[in-house]
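Engineer: Below are the structure tokens for one structure; questions will follow.
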Amino acid sequence: MTRSHAYHPDRLLPAEPGVRDIARRLLAHVEDLPIISPHGHLDPAMFVDDEPFPDPTALLISPDHYLTRVLHSAGVELADLGVGGHDCVPREAWRIFCSRFDLYAGTASGYWLEQEFAQVFGIDPERLTADNADEVYDELATILAQPDFRPRALAERFGLEVLATTDDPLDDLAAHRALAEDPSFTSRVLPTFRPDAYTKMYKPEFADNVTRLIDSAGDGKSGYEGYLQAMRNRRQYFIDHGATSSDHGTHDAGSTPLSDAEAQALLDKGLRGDATRAEALAFEANMTYRFAEMAQDDGLVMTLHPGVYRNHSTSTFQKYGADVGHDIPFRMEYTEGLQPLLSSFGENPDFHFVLFTIDETTFSREIAPLAGYYPSVYAGAPWWFIDEIDAMNRFRAATTGTTGFSRYSGFIDDTRAYCSIPARHNTSRRVEAGYLARLVAEHRLSEERAADVIVDLIDASPRRVFKL
Amino acid sequence: MTRSHAYHPDRLLPAEPGVRDIARRLLAHVEDLPIISPHGHLDPAMFVDDEPFPDPTALLISPDHYLTRVLHSAGVELADLGVGGHDCVPREAWRIFCSRFDLYAGTASGYWLEQEFAQVFGIDPERLTADNADEVYDELATILAQPDFRPRALAERFGLEVLATTDDPLDDLAAHRALAEDPSFTSRVLPTFRPDAYTKMYKPEFADNVTRLIDSAGDGKSGYEGYLQAMRNRRQYFIDHGATSSDHGTHDAGSTPLSDAEAQALLDKGLRGDATRAEALAFEANMTYRFAEMAQDDGLVMTLHPGVYRNHSTSTFQKYGADVGHDIPFRMEYTEGLQPLLSSFGENPDFHFVLFTIDETTFSREIAPLAGYYPSVYAGAPWWFIDEIDAMNRFRAATTGTTGFSRYSGFIDDTRAYCSIPARHNTSRRVEAGYLARLVAEHRLSEERAADVIVDLIDASPRRVFKL
Amino acid sequence: MTRSHAYHPDRLLPAEPGVRDIARRLLAHVEDLPIISPHGHLDPAMFVDDEPFPDPTALLISPDHYLTRVLHSAGVELADLGVGGHDCVPREAWRIFCSRFDLYAGTASGYWLEQEFAQVFGIDPERLTADNADEVYDELATILAQPDFRPRALAERFGLEVLATTDDPLDDLAAHRALAEDPSFTSRVLPTFRPDAYTKMYKPEFADNVTRLIDSAGDGKSGYEGYLQAMRNRRQYFIDHGATSSDHGTHDAGSTPLSDAEAQALLDKGLRGDATRAEALAFEANMTYRFAEMAQDDGLVMTLHPGVYRNHSTSTFQKYGADVGHDIPFRMEYTEGLQPLLSSFGENPDFHFVLFTIDETTFSREIAPLAGYYPSVYAGAPWWFIDEIDAMNRFRAATTGTTGFSRYSGFIDDTRAYCSIPARHNTSRRVEAGYLARLVAEHRLSEERAADVIVDLIDASPRRVFKL
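Residue numbers (this note's numbering), protein chains in the order written: chain A, 3 to 470; chain B, 3 to 470; chain C, 3 to 470.
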């Protein structure tokens, strides 16, 4: 059996030999830089406990909807993979995964997996077949039991300098505090303020959440006044625990502010469960504006990623819940939606407002023009479904002509899959090297300048944009 | 005169020598495989009669709106090309075509034409000029009179294993039956159930069509009940005559079901000619849902291709009718529209639901995410205006990162131009070889695996997806 | 210090050596052809006066919102750059520009600037740094004082054969007349009829403008009748002064005509300031239809470029006014909007209707299909934010498969930056050479044919489409 391309030093680099040579040299400037991960979905308790990972399936498959989604499309039951808390036989799930590993050929997940197996676990991904499934499972189980493969040891090996988590506004952030106070742990693990569960009236848990929020953090105030005050207080609590950003997964990019009276009336309706869809979206848009307003005072970076139809399959949602692979993007617009917010706050260079999208059409049409004018706006890295090699190249090709390189958020891994972090960041570094190498080979950029640019993109941009 | 590039063994392959070498080797695995054509617009009677084609113009120009459209844009009257049943002087139309052959440079139609002339007729496309028009016309006329150029002989030479036609629900399918019962004809020619003319209240012929449908196939039932029953019956009739799929050219991707009472009320309005545009679209969306529901029982593959403004030029429609080149795409969305249908039926792996689009923006944003989750959904090949080399590459680059290769429909030629079929399929094979070769050269896929993938894409995918 | 890539003969050409060799040869056919600029924003009085340019900042920075926008995104105050008539210290603005010149790396503006400095002023763009700012400023000031750098001398050096300006309907076109009557000036400087300020009821100046228009050019008629008559008269006045086209920057692509009574009622509302947004857009759409109707009689080419949210930042607009870099595109559709207009006039080959877009999604979805059918429709060159190397390549790759090369408008520089004109046109020539070279290398087009195509694209297309 040939050794997998995941070991090849030129993997993911452009094929043309002249461009590839330049790309290799550019990659060398950044391949070993530490990892800055300003947005993701890991559980910080993992580093507090520092326990060995339970088994290969629980570590690598069940929690990663990027992977289970693909198996599901091939007819595999999500329950058999341990999704959504369903019990599965880990070894059986592993056999399914290995026997269908060919499904990942050409996918972003496939590249990450291959590199992860090759580089983190030292297992040639060519061995991921039905025949070898048990053998590889046992090998992995042995590896995971070793001290070197506990979360903290891996963080050190990965060069994980900064890792942001995504947290509920009422989280006590005890894990973050414990990690910050532990001198033996050198990675910075920062919370991110994610208030979505408190702004969406169209979710059944809205009323309970909001009541709990106001009661516990509203300084005794009630209604909309208490609600805003609680948000401000919890943002400050997050800042006190190291947070530098808030994250907002809104339905759309609307940002029209409401008067206090209008907002109070809508909030009342939402708490009674009486709000229409349009009213719920109006309230959500108002809150997008209000969070930007709060950021003028407290300085939290604001990231926005609208445009996803959550829980598209009703039957899957009933059986497995949210975040299991059936969120589907829809077409998005930013220009009109964000106009109120940007007219009020867009000119403030201390306000950092990162726009993510999964609708690629907005790259050249809206995001690059916005980021190329407003000192507050940054173009977020391609994310989720378009966090893959060709789409990353399309992002660069669609935004650079308008904004250059200075308005980029830095790479975002956005992952629940801890061991894929190095592969994801390495992929991004290879793509940037390949893109810049093309510009150099086309006499559009000197190689010296390209070397500066790639270091800036990989290392300085996320630090600067996320105020790290 | 130099020999046309249509004879070059590397035509349409990538320019970079390393990539091209790999592409050549991958192409060799599939170039001679039989042709599977699961969707197109040929008349099956052609194979029953097996008559010589009348003349070059009637064979190659008048019925092919891909060609006449381009000439029309240059100011040629469609009547002079014999479009829409208008009489023309075939030799005069041919002269126009040859004198303007330069218009096709760079177009998909141009590549097909060049390859068709070179490979099917042995005529160097470089000779298609005003000066040679008469000479080539006479040569072609002589060629078409030969027994080797009758429809059946060409089917054998083309390696046409399966060809699906597109048929009216009330068609008696006599031609299909005759072909199936003829042991001397080895291609499978299958009907496709296309009920559009019976679901669009905004078309003037709706009432007559529906009345005829219910009367002839409704089992004596009336109204909406009879209408549904007639649809079920005719689907079964098609299945009995070899059909494996139904095809739906809807306005949009709406699929919200109506109650029987609502549907009955709308049907009544539609039959009276009183339905508003919104009501007509609501009924059409309901029927998209109902056809999917029927497919759960009878197993027909369902293909959907919304998003075309039909008969855009009122004056052309009045003079030439439908399908003559003035259908224009508009922007499309699938995520919200298909949610009801997919929530009900999307999880059924035996239901095969192929989504076509002419709005490329949906490739990465909606179609790949849907096909990458739902076991029923397949990403349809790029079609119509985007059935060309660069767009096919964009399709691959936009969908592979999310779905890999397993959710692909297989290539669709969708053609009325019989002799272009080999060129269209060959183009697709060259594009796939070129795309996969790039992945191999970028160390993203091993060449061994790429060879498996290309055989699967070209041969196994259409058989699997269309249940052939 | 190395010499900038702006001097390299292969700058902006494809990297692959085989493709690059072909591109070089194709470029040689067009690199020295005269410049045809059928749409732009220069002041014709510049050529009448033929005064030396005042200083480097006033010539190169303050009026060019492509440049100031990028500096603003980095936190620079527009006032400090002399934008919007604000006084600035030219040398200070120049220092800011040089110290931040790295922001332009990879941008379209950056490529133009580099080539402009290298080729027009003989200044190596590598010298544009904070350290050299004063030295370069002084050099440039000296250069600009030379007779060779006055507007007319530059026009000759640039090979500027045709230059269209953009003019108010009530402009007396005295400058154009003076230039036309001056035998010592050989460039053709033509006016373009741009009536936007008289069709947008949502602009505060609408009522005054329309009143002035009717009073001065309505032949004594009043109301809508006088309004249309005044438009006809002023179009004819423009034609008499050399105009060949009218230009329309509409909000969207709506073109539904109103009855005279409906239009009169809306016009009355608009003049009173009572029109709703929807009414204002209905009136604007009606006028798009009416201008096309007028073009059937007077033969003016009609160019349309909808889809820009003008003056997005309220605070910037209040301080600096319009056209200073905060216009942001939004998503656009043409198919439904233009159907009324095209159904009436689309089949007329003497009507030339050029569709521009900044929403790339319309290239393959709408513009290429429309231009590939209607004899009146031409695909406008990529423009504004997408007037850059990679986007131009995407335009070609998205439209050629459907329409070939015959429906292209020719390159449009659309600039306010006089000295960037050669660089902009040269960039376009290099992109076309690179694109066509790829087709040749992929055996899709013979090199002989590609040589004809590139000459047609660069030279014949704009002459033909703009009736020059």
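Think of the CB as a built atom: it goes at the ideal place given N, C-alpha and C, for glycine as much as any other residue. Remember, it's a predicted structure, so these values are computed and weren't measured experimentally.
Contact check, Thr-194/B vs Asp-249/B under 8 Å by CB: the rounded distance?
Structural biologist: About 5 Å separates the two Cβ atoms, so the contact holds.
Engineer: Using the Cβ count rule (16 or more neighbours within 10 Å means buried), how would you classify Thr-278/A?
Structural biologist: Looking at its Cβ environment, which holds fewer than 16 other Cβ atoms inside 10 Å, Thr-278/A is exposed.
Engineer: Leaving aside the five residues before and after Leu-162/B along the sequence, list all residues of the same chain whose C-beta is less than 6 Å from its C-beta, in chain order.
Structural biologist: Excluding residues within five positions, the ones whose Cβ falls inside 6 Å are Ile-37, Ser-189.
Engineer: Using only the alpha-carbon positions, how far apart do Arg-237/B and Arg-274/A sit?
Structural biologist: Going by the C-alpha atoms only, they are around 49 Å apart.
Engineer: Any beta carbon from chain C within less than 8 Å of Arg-440/A's own beta carbon?
Structural biologist: For Arg-440/A, the answer is yes, since a Cβ of chain C falls inside 8 Å of its Cβ.
Engineer: Check distances from the C-beta atoms of the region 59 to 80 of chain B to those of chain C and list, in chain order, the residues that come in under 8 Å.
Structural biologist: Within the region 59 to 80 of chain B, the qualifying residues are Arg-71, Val-72, His-74, Ser-75, Ala-76, Gly-77.
Engineer: Using 8 Å for Cβ pairs, my map puts Tyr-336/C next to Ala-255/C. What's the rounded Cβ distance?
Structural biologist: The Cβ separation is near 5 Å, so the contact holds.
Engineer: Could you name the residues of chain A that Val-467/B contacts, counting a contact when the two beta carbons are closer than 9 Å?
Structural biologist: The contacting residues do not exist; Val-467/B stays about 13 Å from chain A at best.
Engineer: Could you tell me the distance, in whole angstroms, from the CA atom of Arg-152/B to the CA atom of Asp-52/B?
Structural biologist: If you take the alpha carbons of Arg-152/B and Asp-52/B, they lie about 6 Å apart.
Engineer: For Leu-43/C and Glu-137/B, what's the separation of their Cα atoms in angstroms?
Structural biologist: It is worth fixing the name first, because residue 43/C is His in this sequence and not Leu. Distance between the alpha carbons of His-43/C and Glu-137/B is about 52 Å.
Engineer: For His-445/B, which residues in chain A fall below 8 Å Cβ to Cβ?
Structural biologist: Simply His-7, His-10, Asp-12, Arg-13, Leu-14, Leu-15.
Engineer: At 3 residues or longer, and completely inside the region 29 to 81 of chain B: list those beta strand (DSSP E) runs for me, N to C.
Structural biologist: Listed in chain order, they are 37 to 39.
Engineer: Just to confirm before moving on: does the CB-CB distance between Ala-120/B and Arg-451/C stay below 8 Å?
Structural biologist: It is not a contact, given that the beta carbons lie outside the stated cut-off.
Engineer: Determine the chain B residues that contact His-250/A at a beta-carbon separation under 9 Å, and present them in chain order.
Structural biologist: Residues of chain B passing the Cβ test: none, with the nearest at roughly 20 Å.
Engineer: Starting from Met-304/A and walking both ways along the beta strand (DSSP E), at which residues does that stretch end?
Structural biologist: Unbroken beta strand (DSSP E) run through Met-304/A: 303 to 306.
Engineer: Examine chain A for any beta-carbon lying closer than 8 Å to the beta-carbon of Gly-406/B, and answer yes or no.
Structural biologist: Yes - at least one Cβ of chain A is within 8 Å of the one on Gly-406/B.
Engineer: At a CB-CB cut-off below 8 Å, which residues of chain B make contact with Gly-301/A?
Structural biologist: Within chain B, no residue comes near Gly-301/A; the closest Cβ sits about 33 Å away, beyond 8 Å.
Engineer: Just to check my reading of the structure: Ser-75/A and Tyr-375/B have Cβ atoms closer than 8 Å, yes? What is that Cβ distance to the nearest angstrom?
Structural biologist: Going by Cβ atoms, the distance from Ser-75/A to Tyr-375/B rounds to 6 Å, so yes, they are a contact pair.
Engineer: Strictly under 8 Å for the Cβ-Cβ distance: is Ser-411/C near chain B by that measure?
Structural biologist: Taking Cβ atoms only, chain B never reaches closer than 8 Å to Ser-411/C, which makes this a no.
Engineer: Any beta-carbon of chain C closer than 8 Å to the one on Glu-281/B?
Structural biologist: No - not a single Cβ of chain C is within 8 Å of the one on Glu-281/B.
Engineer: Which two residues bound the contiguous alpha helix (DSSP H) that contains Val-442/C?
Structural biologist: From DSSP, the alpha helix (DSSP H) with Val-442/C extends over 423 to 443.
Engineer: Considering only C-alpha positions, which residue in the set Ile-456/A, His-445/A, Asp-454/A, Gly-403/A is nearest to Arg-5/C?
Structural biologist: Among Ile-456/A, His-445/A, Asp-454/A, Gly-403/A, the Cα nearest to that of Arg-5/C belongs to His-445/A.
Engineer: Within 8 Å of any Cβ in chain A, is that where the Cβ of His-427/C sits?
Structural biologist: So no, His-427/C is outside the interface.
Engineer: Just confirm the distance between the C-beta atoms of Phe-285/A and Gly-301/A, as a whole number of angstroms; I'd bet it's less than 8 Å.
Structural biologist: About 25 Å separates the two Cβ atoms, so there is no contact after all.
Engineer: Given a cut-off of 8 Å, decide if Thr-59/C and Trp-114/C are closer than it, judged by their beta-carbon atoms.
Structural biologist: No, they are not a contact pair.
Engineer: Can you look up Leu-165/B in the DSSP assignment and give me helix, strand or coil?
Structural biologist: Residue state, collapsed to three classes: strand.
Engineer: Are Val-85/B and Ser-111/B close, meaning C-beta to C-beta below 8 Å?
Structural biologist: Contact flag unset, no.
Engineer: Residues of chain A with a CB under 7 Å from the CB of Pro-371/B: which are they?
Structural biologist: Per Cβ cutoff of 7 Å: Ile-330, Pro-331, Phe-387.
Engineer: In terms of alpha-carbon separation, which member of Leu-344/B, Tyr-291/B, Val-78/B lies closest to Thr-318/A?
Structural biologist: Of Leu-344/B, Tyr-291/B, Val-78/B, the residue nearest in Cα terms is Leu-344/B.
Engineer: Can you give me the start and stop residues for the beta strand (DSSP E) that Val-191/C sits inside?
Structural biologist: Note, Val-191/C: beta strand (DSSP E), 190 to 192.
Engineer: Closest by CA to Ser-411/A, which one among Gly-436/A, Lys-469/A, Tyr-437/A, Ala-399/A?
Structural biologist: Among Gly-436/A, Lys-469/A, Tyr-437/A, Ala-399/A, the Cα nearest to that of Ser-411/A is on Lys-469/A.
Engineer: Given that Glu-335/B touches chain A, what residues does it touch there, using C-beta distances under 7 Å?
Structural biologist: The answer, in chain order, is Phe-332, Arg-333.
Engineer: Could you work out which residue in Thr-305/B, Asp-329/B, Ala-267/B is closest to Leu-340/B when comparing CA atoms only?
Structural biologist: Residue Thr-305/B is the option with its Cα nearest to Leu-340/B.
Engineer: Please list the partners that Glu-18/C has in chain A, where partner means a Cβ-to-Cβ separation under 7 Å.
Structural biologist: Within 7 Å Cβ-Cβ: Glu-18.
Engineer: To the nearest angstrom, report how far apart Ser-64/A and Asp-184/B are at their CA atoms.
Structural biologist: If I take the Cα positions, the gap works out to 54 Å.
Engineer: Tell me the DSSP secondary structure of Ile-360/C in three-state form.
Structural biologist: In the structure shown, Ile-360/C sits in coil (DSSP, three-state: anything other than H, G, I, E or B).
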